[in-house]
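Below: one structure, written as structure tokens.
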Amino acid sequence: MKKLLLNPGKIFKFAILFGALLYGSVQARNSVTMLDDKLVIHFDDRHRKLVNELERATRQRRQKMYAFFDARDTTPVQIYLTRFEATYRKLVEKGIPEWAQAVAIPERRFIVIKVTNAEEIRRLPQVFLHELAHVYLHDYAVSAIPVWLHEGVAQWLSMEQLSPDEKLRIGNALAANRLIDFEAMDSLLAFPAGKAGLAYDLAYTAVEFLTRQYGVSGLRGLLHQWQAGQSYDANFMRIVGRDFIDFEVSWYAWLEKQYRWMVLLNVENLVLLAFVVLFALALARLKWRNHKKKAQWQREDQFMDDEKEPE
Ligand SMILES: [Zn+2]
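Counting from 1 along the sequence shown, just add 37 to a position and that's the residue number in our numbering.
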């Protein structure tokens, strides 16, 4: 899928990639341009149209993000787009999951995104905003915040809403009692693609629900004042005045209400529903025909009676 956050230990590995990218840039005709006054983007000349489209598609959301993080003039973030799967694989082999389309190193204000196929090109605006959110979140937080909160905020700032498929995935997880524990999301990078996808969806809903419960200012408070050394309960209590379990319980109830019914949209359930509807229609038609026949018989009986009257 997308997005991850690297720890400083991976910076060395990243230097290898950076070198490869620079080498690639000598071979391909690379361009560098400012996306806005905070972002520098490096790309293959063949991607000029794509970059123009990226600038246009993300303009509004970037402004919202800067406002959310109260971003001042800082060292610009360097974004590298690469067409080379092989270059990217060098990182993948060293611990980046197969499903990740991009890597952010917030400490270095550095983002690498691969665009090797149509699907990755389609997802580019969201993936780009997601990674950018990680960089700004790193600046904004005074202490390391939990993975679910980091990823949830990056999702929340990079997309309008969950897609129907993502909503269905949550509905199915609820029905099968397969929700992922927030603390278990600390090992998100080790999850297989499907489970990681669900974790991103759930993290998104948690952040959306946080803003409903405590407002955007409550969310900003949690991000800015979170203390890695304290428990979830202690952090929630100190920052929003309620403990974490209270949040978790009400989030779960809200999730049930919002997404549980989505299981009806599974193909097999839709087929079943179609059968039920067809059966009901057939039954109604039969009833209507019987009714019509009965009315006709009554009319015929009436006619016979009328005919008999002269006797
Ligand atoms: Zn991420």
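Don't be surprised by glycine CBs; every beta carbon is placed ideally from N, CA and C.
On a predicted model such as this, the values are computed, not experimentally measured, just so you know.
Whole angstroms are fine: how far does the CA of residue j sit from the CA of residue i?
i           : j           : result
residue 253 : residue 290 : 21 angstroms
residue 46  : residue 132 : Confidence at residue 46 is low in this model, with a pLDDT of 47, below 50, so the placement of that residue is unreliable and no value is reported for it.
residue 185 : residue 115 : 25 angstroms
residue 299 : residue 201 : 9 angstroms
residue 63  : residue 163 : Only weak support exists for where residue 63 lies, its pLDDT of 44 falling under 50; the value from the coordinates is given anyway. One C-alpha to the other measures close to 28 angstroms.
residue 221 : residue 239 : 12 angstroms
residue 268 : residue 279 : 13 angstroms
residue 339 : residue 332 : 10 angstroms
residue 315 : residue 204 : 27 angstroms
residue 219 : residue 178 : 19 angstroms
residue 170 : residue 102 : 7 angstroms
residue 85  : residue 93  : 13 angstroms
residue 281 : residue 270 : 5 angstroms
residue 337 : residue 312 : 37 angstroms
residue 330 : residue 324 : 10 angstroms
residue 142 : residue 305 : 43 angstroms
residue 138 : residue 152 : 8 angstroms
residue 165 : residue 117 : 10 angstroms
residue 317 : residue 157 : 45 angstroms
residue 83  : residue 206 : 36 angstroms
residue 150 : residue 230 : 18 angstroms
residue 309 : residue 319 : 15 angstroms
residue 71  : residue 108 : 17 angstroms
residue 342 : residue 334 : 12 angstroms
My output table needs one value for residue i: the three-state DSSP class, helix, strand or coil.
i           : result
residue 73  : strand
residue 41  : Any reading at residue 41 needs caution, since the residue's pLDDT is 48, under 50, leaving its predicted position unreliable; the model's value is listed next. In the structure shown, residue 41 sits in coil (DSSP, three-state: anything other than H, G, I, E or B).
residue 331 : helix
residue 118 : strand
residue 303 : coil
residue 197 : coil
residue 402 : What is shown of the chain runs 38 to 348, which leaves residue 402 out entirely.
residue 110 : coil
residue 132 : coil
residue 264 : coil
residue 63  : The pLDDT assigned to residue 63 is 44, lower than 50, so where the model puts this residue is not dependable; a value taken from the coordinates is nonetheless given after this. The answer is helix: DSSP assigns residue 63 an H, G or I state.
residue 339 : helix
Under 8 angstroms from any heavy atom of ligand 3, does the C-beta of residue i make it?
i           : result
residue 188 : This structure does not include ligand 3; its bound ligands are ligand 1.
As a quick exercise: from the options, pick the residue whose alpha carbon is nearest that of residue i.
i           : options               : result
residue 264 : 183, 241, 242 and 238 : 183
residue 111 : 77, 121, 208 and 125  : 77
residue 88  : 67, 192 and 107       : 67
residue 195 : 338, 125 and 237      : 237
residue 168 : 313, 95 and 339       : 95
residue 210 : 330, 295, 102 and 316 : 295
residue 208 : 242, 293 and 231      : 293
residue 255 : 148, 140, 273 and 177 : 273
residue 188 : 225, 325 and 80       : 225
residue 73  : 97, 180 and 283       : 97
residue 284 : 260, 258, 241 and 247 : 247
residue 286 : 250, 153 and 148      : 250
residue 176 : 79, 146 and 139       : 146
residue 144 : 154, 172, 123 and 151 : 172
residue 349 : 75, 157, 174 and 91   : Within the shown structure, residues of the chain are numbered from 38 to 348, placing residue 349 beyond reach of any answer.
residue 213 : 161, 75, 276 and 235  : 235
residue 355 : 198, 259, 229 and 232 : No information on residue 355 is available, as it lies outside the stretch 38 to 348 that the chain covers here.
residue 228 : 319, 81 and 135       : 135
residue 119 : 288, 215 and 140      : 140
residue 257 : 91, 191 and 328       : 191
residue 99  : 75, 79 and 124        : 75
residue 198 : 233, 155 and 245      : 245
residue 79  : 276, 277, 148 and 160 : 148
residue 121 : 302, 81, 159 and 160  : 81
Across which residues does DSSP place residue i in a beta bridge pair?
i          : result
residue 79 : 69 and 117
Examine chain D for any beta-carbon lying closer than 9 angstroms to the beta-carbon of residue i, and answer yes or no.
i           : result
residue 170 : Considering every chain present, this structure includes no chain D. It has just one protein chain.
Problem - Contained alpha helix (DSSP H) runs [length at least 4] in the segment 134-192, N- to C-terminal order - result: 155-177
Exercise for the section: Report the residue ranges of all beta strand (DSSP E) runs contained in full by the segment 270-329; include only those spanning at least 3 residues, in chain order. Expected result: Every candidate beta strand (DSSP E) stretch fails here, since none sits fully inside the segment 270-329 while reaching 3 residues.
Problem - Secondary structure, alpha helix (DSSP H): runs of 4+ residues fully inside the segment 196-237 - result: 201-212
Handout entry: beta strand (DSSP E) runs contained entirely in the segment 83-109, provided each spans 3 or more residues
Key = none
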